[in-house]
Amino acid sequence: MNPQPTLNRVKVLKLLDREQKLYEAAKELEIFAGRTWSEALKSFTTNSQINVRQLLSQYQQTKSLKILTFWIPNQIGVNGVDLQIVQDLGKFAEISKIEEEFFIAIDSPIDLTVIDNLEVNEEEFQWGVEQIQAPQVKQQSKQR
1 MNPQPTLNRV
11 KVLKLLDREQ
21 KLYEAAKELE
31 IFAGRTWSEA
41 LKSFTTNSQI
51 NVRQLLSQYQ
61 QTKSLKILTF
71 WIPNQIGVNG
81 VDLQIVQDLG
91 KFAEISKIEE
101 EFFIAIDSPI
111 DLTVIDNLEV
121 NEEEFQWGVE
131 QIQAPQVKQQ
141 SKQR
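Numbering (the working numbering), first residue to last: 1 to 144.
What follows is the structure, given as structure tokens:
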């Protein structure tokens, strides 16, 4: 089943959002057939990606590929590809775009060593003790 003609028709519809486009495509392809929205999307994704997944499976026999299927956006993530795989994937009409994974470098955390050579003021660590009258309560408990 080639979903491309349906996808082309859905692209030109004046729809509110992406979810509505997916719904219209699924409805037109009659993949609901009494199923839930998620089941229908999974089925649509499986059917629309079948040729691409077959190619990736062939490459996976000789290369170490990590393949992830994302059924909500109908996308495939593949780690470990080389230029040949990208070129072969580019030949599929059902692939709208191929994007390279990118990484953002994060600066290494700065090691902060605090050198505290000040004298410890015990009263600073006992704030609120006087306010809740802890000494008086302690004294009363001793008297009982």
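C-beta: ideal position from N, C-alpha, C; glycine also.
Between the CA atoms of residue j and residue i - distance to the nearest angstrom
i, j, result
"glutamine 84", "isoleucine 72", "28 Å"
"methionine 1", "leucine 68", "With a pLDDT of 49 at methionine 1, under the threshold of 50, the modelled position of that residue is not reliable, and no figure is offered here."
"glutamine 131", "aspartate 116", "28 Å"
"glutamine 136", "lysine 142", "10 Å"
"glutamate 101", "leucine 118", "50 Å"
"alanine 25", "phenylalanine 70", "17 Å"
"leucine 65", "lysine 91", "19 Å"
"leucine 41", "isoleucine 76", "14 Å"
"isoleucine 171", "glycine 128", "In the structure as shown, the chain starts at 1 and stops at 144, and residue 171 therefore has no counterpart that could be examined."
"threonine 45", "aspartate 17", "19 Å"
"threonine 36", "phenylalanine 103", "36 Å"
"alanine 105", "glutamine 139", "60 Å"
"alanine 134", "serine 108", "46 Å"
"glutamate 145", "valine 114", "The question about residue 145 has no answer here: the residues shown for the chain are numbered 1 through 144."
"asparagine 47", "leucine 22", "14 Å"
Residue-level contact to chain D via CB, residue i, 8 Å cutoff
i, result
"phenylalanine 92", "The structure shown has no chain D; it contains just one protein chain."
Integer-rounded CB distance, given that residue j should sit under 8 Å from residue i
i, j, result
"leucine 56", "valine 78", "6 Å"
"isoleucine 98", "leucine 112", "Rounded, the Cβ-Cβ distance is 43 Å, inconsistent with contact."
Minimum C-alpha distance to residue i - residue among the options
i, options, result
"asparagine 74", "Arg53, Glu100, Asp111 and Val137", "Arg53"
"isoleucine 50", "Val86, Lys138 and Ile95", "Ile95"
"lysine 63", "Phe70, Gly80 and Asn47", "Gly80"
"glutamine 87", "Val114, Tyr59 and Lys21", "Tyr59"
Boundaries of the alpha helix (DSSP H) in which residue i is found, first to last residue
i, result
"leucine 56", "50-60"
"leucine 83", "83-89"
"proline 135", "134-143"
First and last residue of the uninterrupted beta strand (DSSP E) at residue i
i, result
"isoleucine 76", "75-79"
"lysine 66", "66-70"
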